[in-house]
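One structure is given here, and the rest of the page talks about it.
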Amino acid sequence: MNTSQCFHLEWIDIGNMSQSRELFASTLLANGSVLVTGG
1499 MNTSQCFHLE WIDIGNMSQS RELFASTLLA NGSVLVTGG
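To convert, count from 1 in the sequence shown and add 1498; that's the working numbering.
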């Protein structure tokens, strides 16, 4: 499988982030925002 098939090249809306998540990572960005991936 080509790994480029696994990724969207655009931002997409997801479910409510107040719901619990598993297997995620978060990073504090330079502008003070938090980027959460996975889950």
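From the three backbone atoms N, C-alpha and C, an ideal C-beta is built for every residue, glycine too. Model, not experiment: these values are computed from the prediction.
Bounding residues of the beta strand (DSSP E) (the contiguous stretch that carries residue i)
i	result
Leu1533	1532-1536
Ser1524	1522-1526
Inter-residue spacing [alpha-carbon to alpha-carbon] between residue i and residue j
i	j	result
Leu1527	Gln1517	22 angstroms
Asn1514	Asn1529	23 angstroms
Ser1524	Ser1531	10 angstroms
Leu1507	Leu1521	22 angstroms
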